[in-house]
Amino acid sequence: MAKRFQSSVATASATPDMAATVSPHSIPAATKESHKLVAPLSRYDAITSAGSSIKADQHQRAIVQQLDELWHELQSYTPPELLPSSVTNPVSEKHIYDDLEEYDTVFTSISRWFKSKKPAAAPVRMKRPTNAPKSIYVYGDVGTGKTMVMDLFYEMLPIQRKRRVHFHAFMLDVHARIHQIKTAQPHLPNPLGPIADDLVRDAYVLCFDEFQVTDIADAMILRKLFDELFDRGVVLVTTSNRHPTELYQNGIQRQSFLPCIDLLMEQCHVLCLDSGTDYRKLEREMSQVYFHPLNSETTQKIDSITRRLTHGKTMSPMTINFLERSLVIPKQADGVAKMSFAELCDKPLSAADYLQIVQRFHTLVLTDIPRMNMKHRSMARRFITLIDALYESHCTLIVSAESNFLNIFNANEGDQGLDDSMRLMMDDLKLTDVESPLFTGQEEAFAFQRALSRLVQMQTKDWIQSNSRLQ
13 MAKRFQSSVA TASATPDMAA TVSPHSIPAA TKESHKLVAP LSRYDAITSA GSSIKADQHQ
73 RAIVQQLDEL WHELQSYTPP ELLPSSVTNP VSEKHIYDDL EEYDTVFTSI SRWFKSKKPA
133 AAPVRMKRPT NAPKSIYVYG DVGTGKTMVM DLFYEMLPIQ RKRRVHFHAF MLDVHARIHQ
193 IKTAQPHLPN PLGPIADDLV RDAYVLCFDE FQVTDIADAM ILRKLFDELF DRGVVLVTTS
253 NRHPTELYQN GIQRQSFLPC IDLLMEQCHV LCLDSGTDYR KLEREMSQVY FHPLNSETTQ
313 KIDSITRRLT HGKTMSPMTI NFLERSLVIP KQADGVAKMS FAELCDKPLS AADYLQIVQR
373 FHTLVLTDIP RMNMKHRSMA RRFITLIDAL YESHCTLIVS AESNFLNIFN ANEGDQGLDD
433 SMRLMMDDLK LTDVESPLFT GQEEAFAFQR ALSRLVQMQT KDWIQSNSRL Q
């Protein structure tokens, strides 16, 4: 089985998208024994009435009430036993990537592998349990408390086989498992059955934060993987900024993803949490961790903070090797990494690279962030992914930038058509239609709204104090 990414995103104390700008560590702690006795709704009422910085919100409470009902159902639920792996190798008339077989470049090797030898005999498919509690899908605008209420549910759930993970990290885990199976068993026609078995052995309650689908390979994997997971009695609790019917909207080959949307609508209670208030943007005392403009004074401040965080130690390079790749950190010491924006976001890096960084460093000093517009959409995408990784692992971010964070990215400027990378992607996929959000910049504008909200929260004293290294 492929090694899971051991990031703090997979713990109950992962940073919430909360109804006040606080860390999960500032939620009043309950004892381990009380965790087994206190339901989510009671816990929410206790927290919001205790004078903490988390205030009662009727919209949040309505969602917690639904999570409370699921919490009670799970007390008496046991998932079905898994069948032996020799009989659960999934059978399907269509392989996962059949809809991509017309593409002869980017996805050819993936498609061929999934379309290799079919099993000689039809395997037995698990019968979907009828007693499984219905899953919950919570969507709404940024900063309304979706992650906070999910984390509250997770924290109070008194079972061992549960997992809380950011959706980016989960999909990286799945891709790593696929890669390992491909290497070990190149003729296995469909690896998602064995992967689902491994996932369920570890956890039958899966909590996903920030569910979103922007990648065609993920879209093709998810529709089959969720089928396999629900067949094994998995219960999902997930947050997203989008209703299920808006996932992968206008994406490439979206019609092949529609069965996954139908499955989510069938298996989940779809709940909206949108109070109209972004709690992360409420005015709070800010900490000095974001410096602009780019001048000598800003450079001196960044250098001073870096010396303080590293206790004056000399910074040296580090090479991280993973997944047959390597990532060079040019300057690091004492849990602090210092890199320029160009080194992290103007190179072909991905969420996998950024997760390696947040697993090893508690603080990132990111220098020389430029103002971005649609000419820089590739850099903007990577920056959004980096912010997500830092936020989920509750890292401290120290920044020097050309302008204040509200003006870092302007989706209304610089749209001069497709850049070379976009044209290459379209050529690879044999596409002529440029109306997809992947090419128009709608996805970047939407995602940057969330990243901006997170940047605001990451500058607050509550956030910095919970990290405590700048005290």
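Just so we're aligned, residue 13 is where the sequence shown starts under this note's numbering, counting upward by one.
Ideal Cβ positions, reconstructed from N, Cα and C, are used throughout, including at glycine.
Look at Arg175 here: in three-state DSSP terms it is strand. Rounded to whole angstroms, the Cβ separation of Leu204 and Leu248 is 16 angstroms, and the two are not in contact under 8 angstroms. Nearest to Trp475 by alpha-carbon distance, out of Thr408, Ala58 and Asp243, is Thr408. Restricting attention to Tyr403, Asp274, Arg176 and Val411, the CA atom closest to the CA of Tyr216 is found in Arg176.
For Asp57, there is no enclosing beta strand (DSSP E); the enclosing alpha helix (DSSP H) covers residues Pro52 to Thr60.
The DSSP-derived three-state label of Phe269 is coil. Per DSSP, the beta bridge partners of Ala349 are Gln344 and Leu376.
Between the stretch 192 to 208 and the stretch 159 to 173, the count of Cβ pairs shorter than 8 angstroms is below three; the stretches do not touch. Gly157 and Thr472 have their C-alpha atoms roughly 17 angstroms apart. When Pro96, Asp315 and Pro329 are compared, the shortest CA-CA separation from Thr379 is found for Asp315. In this model, Thr250 and Ala68 are separated by some 22 angstroms (Cα to Cα). Straight-line measurement puts the Cα of Pro145 at about 33 angstroms from the Cα of Ser465.
Using a Cβ distance threshold of 9 angstroms, Leu367 and Ala401 count as a contacting pair. Judged by DSSP secondary structure, Met168 falls within the alpha helix (DSSP H) whose first and last residues are Lys158 to Met168. By the criterion of a C-beta distance shorter than 8 angstroms, Gln461 is surrounded in its chain by Val154, once the five residues flanking it on both sides are discounted.
Between Cys357 and Met327, the gap from beta carbon to beta carbon reaches 9 angstroms or more. Nearest in C-alpha terms to Tyr166, of all of Asp227, His84, Gln224 and Thr142, is His84.
Residue pairing from DSSP places Asn422 in a beta bridge opposite Asn385.
Closest in C-alpha terms to Leu79, from the list Gln261, Ala231, Leu53 and Asp286, comes Leu53. Taking the C-beta atoms as reference points, Cys284 is found nearer than 9 angstroms to Val150. For the 9 angstroms CB-CB criterion, Ile171 and Thr318 do not form a contact. In the three-state scheme derived from DSSP, where H, G and I count as helix and E and B as strand, Asp221 is classed as strand. In the structure shown, Ile332 adopts extended strand secondary structure according to DSSP, grouped into three states. Secondary structure of Leu402 (DSSP, three-state): helix. The three-state secondary structure of Tyr216, taken from DSSP, is coil. Going by beta carbons, Gln344 and Pro329 fall inside the 9 angstroms limit. In this structure, the CA atom of Thr331 is about 23 angstroms from the CA atom of His406. In summary, Met386 is buried, with 16 or more beta-carbon neighbours lying within 10 Å of its beta-carbon over all protein chains present.
Sequence-distant Cβ neighbours of Met183 in its own chain, meaning closer than 7 angstroms and more than five residues away, are Asp230. DSSP, read as helix, strand or coil, puts Thr195 in helix. The Cβ atoms of Leu241 and Leu276 do not sit closer than 9 angstroms to each other. Rounded to whole angstroms, the separation of the alpha carbons of Lys174 and Met138 is 21 angstroms.
Taken through DSSP and simplified to helix, strand or coil, Arg337 comes out as strand.
When C-beta atoms of the stretch 250 to 268 are compared with those of the stretch 221 to 229, three or more pairs fall below 8 angstroms, so the two segments count as touching.
Contact between Val301 and Val348 does not hold, since the beta-carbon distance rounds to 13 angstroms and is not under 8 angstroms. Pro198 sits away from Pro141, with the two beta carbons spaced by 9 angstroms or more.
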